[in-house]
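Numbering (full-length UniProt numbering), first residue to last: 1 to 152.
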């Protein structure tokens, strides 16, 4: 047994060195670094956009927001929310309900949320403040977003 253990360990080491000798063999699915990444096709982009706008996605985002609020209630964070958590929840709510908007969200310590960027029409712009205030912890909403029709 004393002679077998060093033999097995040395076999494992030799096998490991041989297996890792050629880096290109370590991951067959790894992209070739010499190839430039290609842009997604219009069909792929359309499918991704439809998925982001789907009712299922909207329900998932709403469920995620509810789960975060429940977690905050349990941990006592009901009144003082982390700014990152607050901005993330508002961003999710806006993405689900204004999917073609190009919006950024920043939250301040006092519960003020600033929404900037562009939306496609006046109706979407009017929805921003109402949607943001649906998130628990948002005390005020500053909307600096503007209406800009989509460019193609």
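Built from N, CA and C at the ideal position, the CB exists for glycine as well.
Contacts around residue 71, its chain only, beta-carbon distance under 7 Å, and the 5 residues preceding and following it disregarded: none
Under the three-state DSSP convention, the category residue 16 falls into: Residue 16 falls in the helix class under three-state DSSP.
Own chain, CB closer than 8 Å to residue 94, minus 5 neighbours either side, in chain order: Closer than 8 Å at Cβ, skipping near neighbours: 101, 103, 105, 115, 128, 131 and 132.
Secondary structure of residue 2, DSSP reduced to three states: DSSP places residue 2 outside both helix and strand once states are collapsed to three, so it counts as coil.
Close-in-space but distant-in-sequence residues of the same chain around residue 121 (CB under 7 Å, 5 per side omitted): 147
Check whether residue 143 and residue 107 have beta carbons under 9 Å apart: no
Bridge partner(s) assigned by DSSP for residue 107: 113
Residue 91, buried or exposed, once every other Cβ within 10 Å from all chains shown has been counted against 16: Buried, because 16 or more other Cβ atoms sit within 10 Å of the Cβ of residue 91.
Residue from 149, 140, 99 and 135 whose Cα sits closest to the Cα of residue 63: 135
One or two residues paired with residue 140 in a DSSP bridge: 112
N- and C-terminal bounds of the alpha helix (DSSP H) containing residue 128: 122 to 133 is the span of the alpha helix (DSSP H), which, as asked, contains residue 128.
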